[in-house]
Amino acid sequence: MKKLWKVVLSLACAAALVFSLGAGALAAGAELTLEEVYDAAMEAQRMAQRALDQQAVENVMSRHVLYHCYGEHREEMEEIWVQEPANQATAVFGRNQGYEVGYDYIWQSYVVEHDASWLQSATEWCNENGVDISGMTDEEIIDTYGGVGQLLLHVTTTAIIEIAEDGLTAKGYWYTPGLLKQTDFDNADSMWENYGADFIKEDGEWKIWHLHMYTDFQCEFGTSFTGSTSSGELGGAPGTTGVGAPPPGGAPGGGGSSADVGTTGWIGGQINQSTYKQWSTRRLRSEMASFPIPLPYESWDFSEPNYGVTVEQYESLGIDVNDWYAAHS
Numbered sequence: 000m001k002k003l004w005k006v007v008l009s010l011a012c013a014a015a016l017v018f019s020l021g022a023g024a025l026a027a028g029a030e031l032t033l034e035e036v037y038d039a040a041m042e043a044q045r046m047a048q049r050a051l052d053q054q055a056v057e058n059v060m061s062r063h064v065l066y067h068c069y070g071e072h073r074e075e076m077e078e079i080w081v082q083e084p085a086n087q088a089t090a091v092f093g094r095n096q097g098y099e100v101g102y103d104y105i106w107q108s109y110v111v112e113h114d115a116s117w118l119q120s121a122t123e124w125c126n127e128n129g130v131d132i133s134g135m136t137d138e139e140i141i142d143t144y145g146g147v148g149q150l151l152l153h154v155t156t157t158a159i160i161e162i163a164e165d166g167l168t169a170k171g172y173w174y175t176p177g178l179l180k181q182t183d184f185d186n187a188d189s190m191w192e193n194y195g196a197d198f199i200k201e202d203g204e205w206k207i208w209h210l211h212m213y214t215d216f217q218c219e220f221g222t223s224f225t226g227s228t229s230s231g232e233l234g235g236a237p238g239t240t241g242v243g244a245p246p247p248g249g250a251p252g253g254g255g256s257s258a259d260v261g262t263t264g265w266i267g268g269q270i271n272q273s274t275y276k277q278w279s280t281r282r283l284r285s286e287m288a289s290f291p292i293p294l295p296y297e298s299w300d301f302s303e304p305n306y307g308v309t310v311e312q313y314e315s316l317g318i319d320v321n322d323w324y325a326a327h328s
């Protein structure tokens, strides 16, 4: 049914454009050839498909926002992240501190260690507040009390979505003002970030392939911006790390170790995480040389600007991007 309405919409758009073209030609006293009518129909169908793709990509990113807010990282990675082997091998999750490369590596920190962190905080909260969880499994504790005392919400704005001319990949950018609150913080924080993502179609459905969160600044509400940081973490907050060093577990806020997960791993040292003293939009933008605004493009090319890592960085982890090209030839 879902594919049917897409076909119907595409045909309707094509018919509308052909009718418009024909009416204009008749008004001008001209005649259309069959080839011109066919070309107009194909162009209308292409335009309709691009519009549908842009909306679908927007929906995928919005689903990420909600999954992340609810702490449903497992569901997110299973449902809207890439699942094909060649895509998973080149999947990337980037932050200011660096990049996690490979679906398995991302899963370890974004799912396994996130759930462990939520289990720990939920258990502590229940014990401190006299809530009996003795008969509950870890999964039940997380489902019922996971995220208690935590709020992390990023809304997405200013969407710029470019669908490749071949319709197989897409690049998207959003600005995202966010709200962060934890019980061990005295105040709520304002977090202002850039989201960039590369998407790829798998069996006709758009999936997240590379996701990059670039924090401009974070500070408590009501405080001076000159006291904020560009690292995405408050000084002393859980998960804060130095430049070039992977956070515990390979991701901010994680625990344990991910060093032995899969054949891919961590690439650190992305930007200088200094405290801003002089504010300007041009300075913020100058820090984001590795975070390009999407531009129209024909087809995927790892050597072109994207939200993953460079070919050389892939190679440093033993990943040959030619394997991806071969799988998608």
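Just so you know, the sequence shown maps onto residues 0 to 328 in numbering that gives the first Met the number 0. For each residue, glycine too, the CB sits at the ideal point set by N, CA and C. All values derive from a computational prediction rather than experimental measurement.
Legend entry - Collapsed DSSP secondary structure at Val130 in the structure displayed: Position 131 of the sequence shown, counting from 1, holds the residue named residue 130. In the structure shown, Val130 sits in coil (DSSP, three-state: anything other than H, G, I, E or B).
Legend entry - Euclidean distance between Cα positions of Asp38 and Glu83: The count along the sequence shown starts at 1 and reaches residue 38 at position 39. The count along the sequence shown starts at 1 and reaches residue 83 at position 84. Taking the straight line from one Cα to the other gives about 34 angstroms.
Inset, instruction - Output the residue ranges of the beta strand (DSSP E) runs that lie fully inside the segment 142–213 and measure 3 residues or longer, sorted by chain position. - result: 149–153, 156–162, 168–181, 188–201
Inset, instruction - Tell me, please, whether the segment 54–68 touches the segment 92–106 by the rule of three or more beta-carbon pairs shorter than 8 angstroms. - result: no
Inset, instruction - For Phe92, write down the residues that DSSP places opposite it in a beta bridge. - result: Here residue 92 is taken as the residue at index 93 of the sequence shown, counted from 1. Partner(s): Glu99, Leu210.
Legend entry - Beta-carbon contacts of Asn305 that lie in its chain and below 6 angstroms, excluding the five residues immediately before and after: As a position in the sequence shown, residue 305 is number 306, starting the count at 1. Once the five neighbours on either side are set aside, the close Cβ partners of Asn305 are Asp197.
Inset, instruction - Pull up the CB-CB distance for Val91 and Val310, whole angstroms please, since I reckon it's below 8 angstroms. - result: Counted from its first residue, the sequence shown places residue 91 at position 92. Counted from its first residue, the sequence shown places residue 310 at position 311. Actually they are not in contact, since the Cβ atoms of Val91 and Val310 sit about 13 angstroms apart, beyond 8 angstroms.
Legend entry - Terminal residues of the alpha helix (DSSP H) in which Met76 lies: Counting from 1 along the sequence shown, the entry for residue 76 is found at position 77. Residues 72–78.
Inset, instruction - Tell me where the alpha helix (DSSP H) around Asp300 begins and ends. - result: Here residue 300 refers to the residue found at position 301 of the sequence shown. No alpha helix (DSSP H) contains Asp300, which DSSP labels as neither H nor E.
Inset, instruction - Could you tell me if Ala47 is buried or exposed, where buried requires 16 or more neighbouring beta carbons within 10 angstroms of its beta carbon? - result: By 1-based counting over the sequence shown, the position of residue 47 is 48. Looking at its Cβ environment, which holds 16 or more other Cβ atoms inside 10 Å, Ala47 is buried.
Inset, instruction - Using the Cα positions of Met76 and Glu35, report the straight-line distance between them to the nearest angstrom. - result: Against the sequence shown, residue 76 aligns to sequence position 77. Against the sequence shown, residue 35 aligns to sequence position 36. Distance between the alpha carbons of Met76 and Glu35 is about 45 angstroms.
Legend entry - Short Cβ contact (8 angstroms threshold) for Lys200 with Val81: Against the sequence shown, residue 200 aligns to sequence position 201. Against the sequence shown, residue 81 aligns to sequence position 82. Going by C-beta atoms, Lys200 is not nearer than 8 angstroms to Val81.
Inset, instruction - Starting from Trp265, follow its DSSP beta bridges and name the residues at the other end. - result: To locate residue 265, count along the sequence shown from 1; it is residue 266. Looking at the DSSP assignment, Trp265 forms a beta bridge with Glu99.
Legend entry - Near the ligand GTP: Glu35 beta-carbon under 7 angstroms from a heavy atom: This structure does not include the ligand GTP; it has no bound ligands of any sort.
Legend entry - Per-residue burial, Thr157 [other beta carbons within 10 Å of its own, 16 or more giving buried]: The residue labelled residue 157 in the question sits at position 158 within the sequence shown. Classification of Thr157: exposed, given that the 10 Å Cβ count is below 16.
Legend entry - Exposed unless 16 or more other CB atoms sit within 10 angstroms - verdict on Ser298: Stepping through the sequence shown from its first residue, residue 298 is reached at position 299. So Ser298 ends up on the exposed side.
Inset, instruction - Could you tell me if Gln54 is buried or exposed, where buried requires 16 or more neighbouring beta carbons within 10 angstroms of its beta carbon? - result: For the purposes of this step, residue 54 is identified with residue 55 of the sequence shown, where counting begins at 1. Gln54 comes out exposed.
Inset, instruction - Whole angstroms is fine: what's the gap from Lys170's alpha carbon to Asn128's? - result: As a first step, residue 170 is located in the sequence shown; it is residue number 171 there, counting from the start. As a first step, residue 128 is located in the sequence shown; it is residue number 129 there, counting from the start. Going by the C-alpha atoms only, they are around 46 angstroms apart.
Inset, instruction - Output yes or no for whether 8 angstroms exceeds the beta carbon distance between Ala153 and Gly177. - result: Start at 1 with the first residue of the sequence shown, and residue 153 comes out as number 154. Start at 1 with the first residue of the sequence shown, and residue 177 comes out as number 178. The question names Ala, but residue 153 is His in the sequence shown. Closer than 8 angstroms, so yes.
Inset, instruction - Go ahead and pull the three-state DSSP assignment for Asp137. - result: As a working mapping, residue 137 is identified with position 138 in the sequence shown. In this structure, Asp137 counts as helix in the three-state DSSP scheme.
Inset, instruction - Name the two residues that bound the continuous alpha helix (DSSP H) containing His327. - result: Working through the sequence shown from its first residue, we reach residue 327 at position 328. Careful: His327 lies outside any alpha helix (DSSP H) and carries neither H nor E.
Inset, instruction - Assuming Ile159 and Tyr144 form a contact by the criterion Cβ under 8 angstroms, report the distance between their Cβ atoms to the nearest whole angstrom. - result: In the sequence shown, counting from the first residue as 1, residue 159 sits at position 160. In the sequence shown, counting from the first residue as 1, residue 144 sits at position 145. Rounded, the Cβ-Cβ distance is 38 angstroms, inconsistent with contact.
Legend entry - Arg62 and Met212 closer than 8 angstroms at C-beta: Along the sequence shown, read from residue 1 onward, the residue named residue 62 stands at position 63. Along the sequence shown, read from residue 1 onward, the residue named residue 212 stands at position 213. Their beta carbons are not under 8 angstroms apart, which means Arg62 does not touch Met212 by this criterion.
Inset, instruction - Specify, as a first and last residue, the run of the alpha helix (DSSP H) that Leu65 falls within. - result: Taking the first residue of the sequence shown as position 1, residue 65 is located at position 66. 33–69 is the extent of the alpha helix (DSSP H) around Leu65.
Inset, instruction - Give the range of the alpha helix (DSSP H) segment to which Gln312 is assigned. - result: Sequence index remark: in the sequence shown, residue 312 carries index 313 (1-based). From DSSP, the alpha helix (DSSP H) with Gln312 extends over 310–315.
Legend entry - Local conformation of Gln119 per DSSP, three classes: The count along the sequence shown starts at 1 and reaches residue 119 at position 120. In this structure, Gln119 counts as helix in the three-state DSSP scheme.
Inset, instruction - Answer yes or no: do Thr168 and Val64 have a C-beta to C-beta separation smaller than 8 angstroms? - result: For this step, residue 168 is matched to residue 169 along the sequence shown. For this step, residue 64 is matched to residue 65 along the sequence shown. No, the Cβ-Cβ distance between Thr168 and Val64 is not below 8 angstroms.
Inset, instruction - State the Cα-Cα distance for the pair Asn193 and Trp265, rounded to the nearest angstrom. - result: Position 194 of the sequence shown, counted from the first residue, corresponds to residue 193. Position 266 of the sequence shown, counted from the first residue, corresponds to residue 265. For Asn193 and Trp265, the distance between alpha carbons rounds to 21 angstroms.
Inset, instruction - Could you tell me if Tyr98 is buried or exposed, where buried requires 16 or more neighbouring beta carbons within 10 angstroms of its beta carbon? - result: Within the sequence shown, the letter at position 99 stands for residue 98. Looking at its Cβ environment, which holds 16 or more other Cβ atoms inside 10 Å, Tyr98 is buried.
Legend entry - Straight-line Cα distance separating Ala88 from Glu112: Residue numbering aside, residue 112 sits at position 113 when the sequence shown is read from its first letter. Residue numbering aside, residue 88 sits at position 89 when the sequence shown is read from its first letter. Rounded to whole angstroms, Glu112 to Ala88 spans 20 angstroms at the Cα level.
Legend entry - For Val147 and Ser120, the rounded distance between their alpha carbons: As a first step, residue 120 is located in the sequence shown; it is residue number 121 there, counting from the start. As a first step, residue 147 is located in the sequence shown; it is residue number 148 there, counting from the start. Taking the straight line joining both Cα atoms gives about 8 angstroms.
Inset, instruction - Just tell me which of Tyr109, Asp52, Thr32 has its CA closest to the CA of Cys358. - result: There is no way to answer for residue 358, as the model of the chain reaches only from 0 to 328.
Inset, instruction - Could you check the C-alpha separation between Pro293 and Arg73 for me, to the nearest Å? - result: For the purposes of this step, residue 293 is identified with residue 294 of the sequence shown, where counting begins at 1. For the purposes of this step, residue 73 is identified with residue 74 of the sequence shown, where counting begins at 1. Each residue's Cα considered, the two are about 28 angstroms apart.
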